[in-house]
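Following: one structure in structure tokens, then a few remarks.
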Amino acid sequence: MTRQKERLYRVIVAGATPEGIAAANKLGELGIPVTLVDSAPDLNEKLAAEQYRLPSGLTFNSAHRPGLIRILRNAQIRTLLPARISSIKHTPQGFSVRIDREQTFVDPDRCVLCGKCDAVCPVSCADGGHALRYPGRTGLPGRAWIDKRRQPLCQENCPLGVNAQGYIALAAQGRYDEALALIRRDNVLPGICGRVCTHPCEEACRRGGVDDPVAIRAIKRFLADYEGADASREAAAGDAAAPVEPTRPERIAVVGSGPAGIAAAADLARRGYGVTVFEKEAEAGGLLRYGIGAHRLPRTILDREIRLIERMGVVFATNSAIDLAADLDRLTREYNGVLLSTGTWHDRRMGIDGEDLDGVEGCLAFLARSQWERLTSLPGRMAVIGDGNSAFDLARTLARLGAEVSLISWFDAEHIPADPEEVREAIEEGVRLIDATQVVAFRGEGGVFRQVECMPTV
């Protein structure tokens, strides 16, 4: 007596065409498990195309709607929409198929096809519709989906991955509060970054290949300033930021209140941790306060951003210098975690003669000293060596203190790497630009700086 070996058939049907629909339906009626795969997110929309019109004049989706509904309700038929078959391999056990399923960004079990999401979607597509695709009650399967065209280059190039296209779309519709809330999901310092960010998003913007990149940083700045210009809007932002209570028992210590420390503290507070930030100076902000000129980053903007983070429950302990050699063990005992974000406060040396002369000072060292000493006047002739944003920031700070400033750049004027607006505004404010020039030494007498020795670079 021989026994016939039972075999379990599983069938994949690639493509929800009329032929694929018919095959899936027949196999499902025979009790054979079927997986129907198609790149379209909605069968009704796909089969309404002109190419599937029947000789009777009816579209396939209309003529065969009962059959389409039976397929979706048949427990033996699994529909993967939208999805693509990326590979098929033959093995001794049968065929091995890899299916890449695309996200619809809508929970099909919770979507009731009310259409409210479509009404408020701010993103318009080239076909005149919205990025939120709402098929209505005729959709098969019945659920909306979001048409996301992968991550755009601006967002991909942003170190924080801020959803630039999202908040620009909201801003274009005048929904400024929603746009700013979207920014703050990933970046808790929009007012600061709207002024001092190096905006790599704009470098990647494809619009730059046509004329100019979208002014992403300027839009961010506008949104933050719009909120700060009205006390009620700022209060509402503070209320939105305020937590009820920390939801986790762990306490975190952050050493340093520069941009990294502030951002990390805010993210930890959002996740329910109790956070204390230790800052050795009298005011929080770190490099933002003591390493950037007030003309470029007004202190009112910095203070407002810090106040909002305090509303999240973050505690700032100023005048609290932490000696890592002596205090780190204590912090690890008192807190469940310690984050060190003390920054890089040392200026990079040029490696030329005379750098130690009295009167030669690094950019960060001088900017910090001008804040600590509250300098209001510094007349005389000053030379700034450099060609980045920090160099122009320093030159403009010196000009405001009454100095006669010359900025010496290794690059020629057309190729200076600083932001063009920084260069233009510095020249407008009286800074003299000496381009295509390399400083080779500082000369002095009796340990005191007297002159700069230079040579042309071209």
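Following my numbering, the numbering of the sequence shown begins with 182 at its first residue and continues without gaps. Beta carbons: idealized from backbone N, C-alpha and C, even for Gly. Quantities reported herein were computed from a predicted structural model and do not represent experimental measurements.
field: Buried or exposed (CB count within 10 angstroms, at least 16 for buried), Ser-380
entry: Note that residue 380 is His in the sequence shown, not Ser. Under this definition His-380 is a buried residue.
field: Coarse secondary structure for Met-182, derived from DSSP in three states
entry: Because the pLDDT of Met-182 is 46, which lies under 50, any placement of that residue in the model is unreliable, and the question is left without a value.
Environment of Ser-305 [buried if 16+ CB atoms lie within 10 Å]: exposed
query: CB Val-218 to CB Ile-266, shorter than 7 Å?
result: yes
message: According to DSSP, Trp-326 sits in a beta bridge with which residue or residues?
response: Arg-314
query: Could you give the distance in angstroms between the alpha-carbon of Ala-446 and the alpha-carbon of Cys-295?
result: 39 Å
- prompt: Going along the chain, which residues of its own chain have a beta-carbon closer than 8 Å to the beta-carbon of Ile-349, five neighbours each way excluded?
  reply: Ala-360, Val-395, Ile-397, Ile-400
task: For the segment 406 to 459, list the beta strand (DSSP E) runs that are entirely contained and at least 3 residues long, ordered along the chain.
output: 432 to 436, 455 to 459
- prompt: Quick one: is Ile-571 buried, meaning 16 or more other Cβ sit within 10 Å of its Cβ, or exposed?
  reply: Here residue 571 turns out to be Ser, not Ile, going by the sequence shown. Classification of Ser-571: buried, given that the 10 Å Cβ count is 16 or more.
field: Unbroken stretches of the beta strand (DSSP E), 3 residues or longer, contained in the segment 562 to 602
entry: 584 to 589
field: Under the three-state DSSP convention, the category Gly-275 falls into
entry: strand
message: Excluding the 5 residues flanking Asn-517 on each side, which residues of the same chain have their C-beta closer than 7 Å to its C-beta?
response: Glu-431, Arg-432, Ile-433
field: Alpha-carbon to alpha-carbon, Val-586 and Arg-492
entry: 42 Å
- prompt: Could you give the distance in angstroms between the alpha-carbon of Gly-342 and the alpha-carbon of Leu-370?
  reply: 14 Å
query: Among Phe-547, Leu-575, Leu-579, Gly-569, which has the Cα closest to the Cα of Leu-559?
result: Leu-579
- prompt: So, Ala-617 versus Val-639, is the Cβ gap smaller than 7 Å?
  reply: yes
query: What first and last residue would you give for the beta strand (DSSP E) that runs through Pro-637?
result: 629 to 637
query: My guess is that Gly-437 and Leu-521 are in contact by the Cβ rule of under 8 Å, so how many angstroms apart are they, rounded?
result: 7 Å
Beta-carbon proximity list for Ala-564, same chain, < 7 Å, skipping 5 on both sides: Ser-587, Ile-589, Val-633
query: Among residues of its own chain, excluding the 5 on either side of Thr-285, which ones have a beta-carbon nearer than 7 Å to its beta-carbon?
result: Pro-222, Trp-326, Ile-327
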